[in-house]
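Reading through the structure tokens given below for one structure.
Number of protein chains: 2
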Amino acid sequence: MTGNTEDEATALASTATAQSSGSKRGPSIADVAVAAGVSAQTVSRVSNGHTNVQEATRRKVEDAMRLLGYRPNRAARALKSGRYTTIGIIMFTLSSVGNVKTLDAITQAASEAGYSISLIPMPDPASSKFPAAYARLREQQVDGLIIIFDAHLSDKADLTLPMDLPTVVIDSTPDHGYTVVDTDQAGGARQATELLLGLGHATVWHIGGPATSFSASHRAAAWRETLNEAGIEAPPILYGDWSTDSGYRAGMTLASRDDVTAIFAANDHMALGAMRALHEMGRKIPQEVSIVGFDDLDESSSFWPPLTTVHQSFQTVGSLSMQLLLEQIMGAPAPSTQLVPTRLVVRESTSYPHR
Amino acid sequence: MTGNTEDEATALASTATAQSSGSKRGPSIADVAVAAGVSAQTVSRVSNGHTNVQEATRRKVEDAMRLLGYRPNRAARALKSGRYTTIGIIMFTLSSVGNVKTLDAITQAASEAGYSISLIPMPDPASSKFPAAYARLREQQVDGLIIIFDAHLSDKADLTLPMDLPTVVIDSTPDHGYTVVDTDQAGGARQATELLLGLGHATVWHIGGPATSFSASHRAAAWRETLNEAGIEAPPILYGDWSTDSGYRAGMTLASRDDVTAIFAANDHMALGAMRALHEMGRKIPQEVSIVGFDDLDESSSFWPPLTTVHQSFQTVGSLSMQLLLEQIMGAPAPSTQLVPTRLVVRESTSYPHR
DNA sequence: TCAAATCGTGTTTACGTAAACATTCTGGCT
DNA sequence: AGCCAGAATGTTTACGTAAACACGATTTGA
């Protein structure tokens, strides 16, 4: 019985091979059907894990598939069913470390769910290339979309996506109409500010991100609010653009003032730049000035001194986004904004104010 | 005439819309054909930019396409033609900054060439998940493959890809059989070493990457060779694992030796760790010890002091890889290894030896 | 002037799959 | 025994596109 089946399959496999050698394509569902001695539809049922197939038949088909090295043709499947088992990811640039980690988590999650990832690069919306990129997106065939906005990007308000496609946006912008996933910017800023106040500092200065960034303004607002709740009037914000250089410039300003003993920078890069300025001006960290960042970069623990910072879990943001998107694809209603909590990581750039 | 055409198209467009509203699919080539009053094949020709279509006909078809908002169905196109206009990218993790920049450049280049990117995450080859990931890769339908090996990865020799698919590998591993694109590791290490020797240092110590990394061993070999050519016997290598922590440990060892005045670290992260060690041990940079890194991270210019380093152009590596891959897809023979030159960036962590 | 070549366009077909419908077979019920 | 429900499997069809071939109209060349 077993021997019979094998012989039959082998004989037919060689036929299939001969046929495919011309067209340079792999075996099709029909080849498997012939090899297994069943109809194509039955092979399809086995391939898609339908239950109404007898065990013996299933076995025969699976053997034939293995023998021929059959792989379902995703294009044909997509054409017929209208489902692509692919999700598109729009990114504006991979320059931000956080976005990359998020992307990594999304990719892993998608892979585990059997989806593949189509990466759609999008130039700055202000760019002349934008219409072309947008057109390409429209013909990209995906079941859902995750948009990772770049915190560095300013005028993203221009970008409207009137699509009837399950979509999750990773960003701090409110009122999208889409499901939004974001780090709890406000909570993180509050943790940082409370730490410094708790150490006994009279006030906390803030090096903020650009005014056009929603995440930056969320962090700044929470910092201000925390100070106010402690009965402290917030000092003026020094605005940077997320870069170490801008942090350096802000740091030079702050370093020249004796009354500055505590700084909360809106990201680790600016904190790094500020620390450089403090070093150059001979201000000791943390003895004279304490500083806290935001992000918890891999290298932040090796800054000099190791940086106290707010850890945000890009991993969680990514996997949560995928989960919400898949639920939408399955037909669930789109949930509203979901915040991912932060965690304060205390290192050596902070202490109580010496003298 | 114009009016006539428009009326006709409009009338037919509504028909098409009504039809498509049921199936929830966009307009097809047939809808456009009817709207334009031509055959489907002619629409296909216009859609693919064939030349043998009369200007007036082309115009009519284009108008109809615009009116109906027609987008070609990639799945159908792929099914029919066997070409997917998609290239797969295998990455082992997005943890390395350089790999991410490379990915960004590849994505841009692919987009410009009209290809889309399918990101295929691959767990560590040693992982139990590897066979499943590999199977998924096989049914992933792509025209070509770019494999970005992680320099952090050790036993990648295990990974054999016996595929009859145009492939470019980005890595320092020799003898792949595939086209290889890589930064000129040896040239960069030579530049770094020569800089330090040229400044008058008696010798140069090396903090190397893990012995299992080909790029690390290329850098180390070129460093040793450069010293030898200058008649200097190379001091023992201190091996790290690319991390700042490992750089810190190596730095502690080096900082305790008075005869160490020049260090070449195999990457910027380890250089950063070493600088921290030097700071902690009270060794002044660059007055007592000069240090050079490799990579030129964005933040390296803001280290304290700003780090002299070897810049490698991930951008070039990425776009060159895409270019070579596209040529292969077009039928060109696979070229051999291509090296992308480095550039030395001199900042403030290096000087002549004081005293 | 007429056959041959060329050009623009239409018709037929196949790519691989899965839904819809059709058919056969099994077993349980009256 | 006769009949029907339901399970297993087969047959037909359509998804949207582009290659192959067919055909008529024009141009070319001797």
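Residue numbers (the UniProt record's numbering), protein chains in the order written: chain A, 1 to 355; chain B, 1 to 355. The C-beta atom is built at its ideal place from N, Cα and C for all residues, glycine as well. Note that the structure is predicted; figures quoted are calculated from it, not measured.
Asked	Found
Extent of the continuous alpha helix (DSSP H) to which Ile106 (chain B) belongs	97 to 112
Minimum Cβ-Cβ distance from Pro166 (chain B) to chain A less than 8 Å	no
CB-CB length for Leu145 (chain B) against Ile87 (chain B), believed under 8 Å	7 Å
Same chain, Cβ closer than 8 Å to Gly22 (chain B), five either side skipped, listed in chain order	Model confidence at Gly22 (chain B) stands at a pLDDT of 38, short of 50, so the residue's coordinates are unreliable and nothing is read from them.
Residue environment, Thr51 (chain A), which counts as buried when at least 16 other CB atoms sit within 10 Å	exposed
Three or more C-beta pairs below 8 Å linking the region 25 to 45 of chain B and the region 56 to 71 of chain B	yes
Contacts of Tyr248 (chain B) in chain A (Cβ-Cβ under 8 Å)	Ser302
Secondary structure of Leu325 (chain A), DSSP reduced to three states	helix
Contact set for Ala230 (chain A): own chain, Cβ-Cβ below 6 Å, skip 5 residues either direction	Leu197
Beta-bridge pairing of Thr86 (chain A) - partner residues as DSSP gives them	A:Ser116
Any alpha helix (DSSP H) of 4 or more consecutive residues that is wholly inside the region 176 to 214 of chain A	185 to 198
Minimum Cβ-Cβ distance from Gln140 (chain B) to chain A less than 8 Å	yes
Simplified DSSP assignment, three categories, for Asp295 (chain A)	strand
Where Tyr352 (chain A) falls, given that 16 or more other Cβ within 10 Å makes a residue buried	exposed
Contact list for the region 269 to 294 of chain B against chain A, Cβ threshold 9 Å	His269, Leu272, Gly273, Met275, Arg276, His279, Glu280
Candidates B:Gly69, B:Ala78, B:Glu348, B:Ile90: closest to Pro27 (chain B) by CA position	B:Gly69
Three-state secondary structure assigned by DSSP to Phe149 (chain A)	coil
DSSP bridge partner residues for Pro121 (chain A) (one or two, in chain order)	A:Met91
Close beta carbons around Ser44 (chain B), own chain, < 7 Å, minus the five adjacent residues each side	Ile29
Proximity below 8 Å, CB of Ile106 (chain B) to CB of Ile90 (chain B)	no
Contact with chain B by Gly22 (chain A), beta-carbon distance below 8 Å	Below a pLDDT of 50, predicted positions are generally treated as unreliable, and Gly22 (chain A), at 39, falls in that range; the measurement from the model is reported next regardless. No, Gly22 (chain A) lies away from the interface with chain B (no Cβ there is under 8 Å from its Cβ).
Own chain residues within Cβ distance below 6 Å of His354 (chain A), not counting five before or after	Gln287
For Gln338 (chain B), the residue or residues it bridges with in DSSP	B:Val181
Own chain partners of Leu199 (chain A) with C-beta closer than 8 Å, once the 5 adjacent residues on each side are dropped	Ala262, Ser290, Thr350, Ser351, Tyr352, Pro353
Interface residues of chain A facing Ile117 (chain B) [CB-CB closer than 9 Å]	Ile117, Ser118, Leu119, Ile120, Pro121
Proximity test, Ile90 (chain B) beta-carbon vs the ligand NAD heavy atom, cut-off 7 Å	Only the bare structure without any ligand can be found here, which leaves the ligand NAD out of the picture.
Any chain B beta carbon closer than 8 Å to Asp296 (chain A)	no
6 Å Cβ shell around Gly293 (chain B) - same chain, five flanking residues per side excluded	Ala265, Asp268, Ala271, Leu307, Thr309
Closest by C-alpha distance to Ile285 (chain B), when choosing among B:Glu55, B:Pro235, B:Lys129, B:Gly251	B:Gly251
Which listed residue (B:Ser246, B:Glu327, B:Val169) has its alpha carbon closest to that of Thr337 (chain B)	B:Val169
Three-state secondary structure (DSSP) of Ala332 (chain A)	coil
Residues from the region 305 to 339 of chain B in contact with chain A, defined by Cβ distance under 9 Å	Pro305, Pro306
Endpoints, alpha helix (DSSP H) assigned at Gln41 (chain B)	40 to 47
Test: Ala76 (chain A) CB closer than 8 Å to a CB of chain B	yes
Status (buried if at least 16 other CB within 10 Å, exposed otherwise) for Pro166 (chain B)	buried
Listed by chain order, chain B residues near Val100 (chain A) by CB distance under 7 Å	Leu94, Val100
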